[in-house]
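Numbering (my numbering), first residue to last: 107 to 884.
Beta carbons: idealized from backbone N, C-alpha and C, even for Gly.
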């Protein structure tokens with residue numbers, strides 16, 4: 107057995123035994139009755155549908171009852187009863203955050219996840235980073251109500267928080283092991299995250315929210331709940347508007363505007379069937395630029411990002427004019443889902459969906475950067491990378507159960523995905539006077555088209571033995587993916603000359619083979635469980651991978667026939683009591699991946715075999731003590747690159763990273779802790795501590811001279827405060843993030859693995875941020 111894993115197991119058993127000893131000693135000291143009866147009662151309480159345990163009053167020596175607060179979410183905090191590593195973020199957890207918080211921000215509560223953003227309360231933009239167990243967000247599976255999110259990669263990708271307003275979020279289900287059988291996703295090498303939106307209420311009502319904070323942050327939100335319009339029929343519609351400016355610069359500027367609409371309708375039938383329809387519209391206009399800096403510039407002055415906010419009429423300065431940068435876009439998603447009971451205790455679930463995105467990536471540079479533009483040193487070009495994506499998909503699942511040995515599921519998912527990208531360059535008409543640019547493109551360097559088809563099939567079963575004390579979940583998945591890529595206008599040199607352009611085509615056709623997934627859960631007693639699991643995971647072919655190796659001599663391109671894969675092992679132990687819960691879990695992941703690396707001074711990429719080995723231990727702990735409660739989620743891990751074809755020094759033939767080096771942007775240690783005090787049902791005070799250790803930032807290119815030096819990003823500790831006061835219909839609150847106003851790097855784009863650090867791929871973290879808010883519901 108792996109020595110690190112062996113140590114982790116011994117540590118988990120020791121800690122659980124110590125916790126049980128303390129709990130038993132406490133019970134004996136207080137003489138609250140028969141221990142077995144208490145454990146049995148506790149097991150019944152925890153089996154409630156919401157997993158919330160109402161704590162019994164503690165008796166003091168004078169037989170007076172001491173008030174205790176209800177400790178909610180004890181089971182969810184450690185994933186109790188889950189066969190694999192699994193944590194649920196509840197609605198109660200989300201109430202710590204202010205209205206309008208991005209859904210990626212709340213993921214900081216999950217062990218194994220590192221989250222960062224240049225906005226104190228998260229964001230849905232390029233600079234939002236999410237890492238899970240040593241993998242970036244483009245290797246994590248995301249879904250909304252079980253609907254696959256699609257890819258999160260730059261240039262046409264989409265993070266899931268764009269598809270719902272966070273005020274309509276009811277919970278987040280996180281499986282760190284990627285062992286969930288049948289979870290639909292293109293990219294789940296690490297784990298799976300499913301955001302669940304609330305259903306309409308049976309009662310008519312109106313909810314409203316307003317908020318105001320640092321950097322001119324403003325929010326207005328209203329939700330109209332119809333109540334029951336007809337037997338079993340109900341719906342709601344919500345609309346929100348959010349404004350924010352750049353917070354990390356000295357003088358906030360560059361206002362971002364976000365408008366969002368959600369609609370959801372539910373029809374429930376007497377036979378247990380239901381039908382749901384949901385639609386979301388997200389429109390964001392970013393004027394904050396891309397927040398991409400070098401580490402040297404950040405260390406020199408952490409309050410600037412290199413962009414300017416006024417027109418100086420000097421092209422060398424105005425090339426950094428903020429309005430020339432950003433990522434405006436619209437995102438739309440609609441789905442219809444139905445559940446139908448069938449004879450023989452069989453259930454049919456069907457979902458059909460459409461997701462659509464239009465957007466642009468904006469950039470500027472001096473006109474002489476590309477000689478094809480015939481620009482001079484004192485000229486500026488504006489570049490717009492327009493992208494369009496459209497996804498249509500269908501999911502279907504049959505499930506049933508018969509006794510202890512059969513609780514089965516079989517299902518499938520099919521999706522067709524179309525993406526287009528066109529990169530156009532526009533010269534400014536008179537840069538020494540105005541920022542206006544020509545409406546006619548001076549150069550189109552690329553026009554890219556992807557047509558992608560994905561199919562997933564799966565079968566799973568759960569068997570119970572020893573009167574349910576032992577549960578085994580096992581099954582297989584099969585993923586098939588084909589991509590047709592076509593680039594009718596392609597240039598390595600951004601040349602105007604037609605002979606330097608060519609039609610580049612490539613294809614991918616790959617399947618995962620049979621992927622086994624196994625999980626086992628053993629209940630030592632009603633309060634202690636151990637679990638273990640293994641899963642082999644695969645990801646479909648990414649857009650950059652098919653695009654890579656484009657050159658006239660290789661037209662058509664080299665077909666892609668291999669998927670990225672991981673093998674993941676889990677082992678953990680959990681314990682719960684009436685006032686606490688604790689979970690410890692260890693993991694080992696071996697990945698074989700292909701990384702599409704940028705080729706310097708060209709618009710093309712090259713595919714580099716890149717694997718990684720990750721191992722670590724995670725802890726989740728929740729405790730109630732009187733009116734106080736404590737929650738802790740921590741991770742200690744090691745992520746190392748595992749490259750093939752390296753020289754004696756571990757340097758690859760292409761690319762920047764080195765064999766057995768630390769993974770870029772992955773901290774080896776991170777911790778999230780929340781302490782709350784609730785003296786009454788109305789008032790709640792809470793504080794958070796978020797700790798992230800140092801991480802690798804950039805590796806000097808061993809294949810290129812003058813490529814800089816290796817860079818490391820320092821660790822950081824961030825403090826937060828929250829106060830809220832609630833009446834029957836009103837709630838007032840204030841949040842403070844980064845209380846001590848630390849300067850720090852919030853995250854690193856994975857592109858830094860293949861781009862010169864001179865171009866910058868570091869994201870500035872948000873400074874101290876105040877936010878006051880108000881909610882009302884009638």
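Own chain, CB closer than 8 Å to residue i, minus 5 neighbours either side, in chain order
i	result
residue 308	333, 334 and 340
residue 722	218, 239, 240, 692, 693, 741, 742, 743 and 744
residue 564	287, 288, 515, 516, 517, 518, 581, 582, 583 and 584
residue 815	806
residue 208	223, 225, 227, 228, 229, 230, 234, 267 and 272
Same chain only: Cβ atoms within 6 Å of residue i, ignoring 5 sequence neighbours per side
i	result
residue 826	794 and 843
residue 183	687, 726 and 728
residue 380	374 and 445
residue 366	271, 346 and 388
residue 140	Summary for residue 140: the model assigns pLDDT 34, below 50, so the residue's position carries little reliability, and this model does not support an answer.
residue 738	727 and 779
residue 879	204, 205, 317 and 839
residue 808	757
Buried/exposed call for residue i, threshold 16 Cβ in 10 Å
i	result
residue 395	buried
residue 538	exposed
residue 205	buried
residue 323	buried
residue 511	exposed
residue 312	exposed
residue 196	buried
residue 640	buried
residue 156	With a pLDDT of only 36 at residue 156, under the threshold of 50, the placement of this residue in the model should not be trusted; the figure read from the coordinates follows. Classification of residue 156: exposed, given that the 10 Å Cβ count is below 16.
residue 419	exposed
residue 571	exposed
residue 503	buried
residue 290	buried
residue 542	exposed
residue 754	exposed
residue 823	exposed
residue 231	buried
residue 618	buried
CA-to-CA distance, residue j to residue i, given in whole angstroms
i	j	result
residue 298	residue 482	50 Å
residue 243	residue 258	7 Å
residue 210	residue 391	19 Å
residue 651	residue 523	16 Å
residue 361	residue 348	10 Å
residue 834	residue 344	22 Å
residue 557	residue 310	44 Å
residue 130	residue 704	For residue 130, the predicted model reports a pLDDT of 40, less than 50, meaning its position is unreliable and no value from the coordinates is stated.
residue 422	residue 467	21 Å
residue 702	residue 716	10 Å
residue 200	residue 277	8 Å
residue 791	residue 273	21 Å
residue 847	residue 443	46 Å
residue 215	residue 776	11 Å
Helix, strand or coil at residue i [DSSP, three-state]
i	result
residue 473	helix
residue 404	helix
residue 842	strand
residue 883	strand
residue 131	For residue 131, the predicted structure reports a pLDDT of 38, less than 50, and the residue's modelled location is therefore unreliable. A value from the coordinates is still provided. Helix, per DSSP.
residue 430	helix
residue 652	helix
residue 266	helix
residue 370	strand
residue 867	coil
residue 239	coil
residue 832	strand
residue 423	helix
residue 690	strand
residue 272	helix
Beta carbon proximity, residue i to chain B, threshold 8 Å
i	result
residue 771	No chain B is part of this structure, which consists of one protein chain only.
Beta-carbon contacts of residue i that lie in its chain and below 7 Å, excluding the five residues immediately before and after
i	result
residue 399	411, 412, 866, 868 and 870
* Asked: Which ranges does the beta strand (DSSP E) cover as unbroken runs of at least 3 residues, wholly within the region 516-600, from first to last along the chain?
  -> As far as the region 516-600 is concerned, its whole beta strand (DSSP E) runs of at least 3 residues are 549-571 and 576-597.
* To do: Kindly provide the ranges of any beta strand (DSSP E) runs that are 3 or more residues long and lie completely inside the region 275-355, ordered along the chain.
  => Runs of the beta strand (DSSP E) inside the region 275-355: 275-281, 298-303, 311-319, 323-336 and 339-350.
* Can you give, in chain order, each stretch of the beta strand (DSSP E) that sits fully within the region 692-732 and has at least 3 residues? -> Taken in chain order, the unbroken stretches of beta strand (DSSP E) that lie wholly in the region 692-732 and span 3 residues or more are 711-731.
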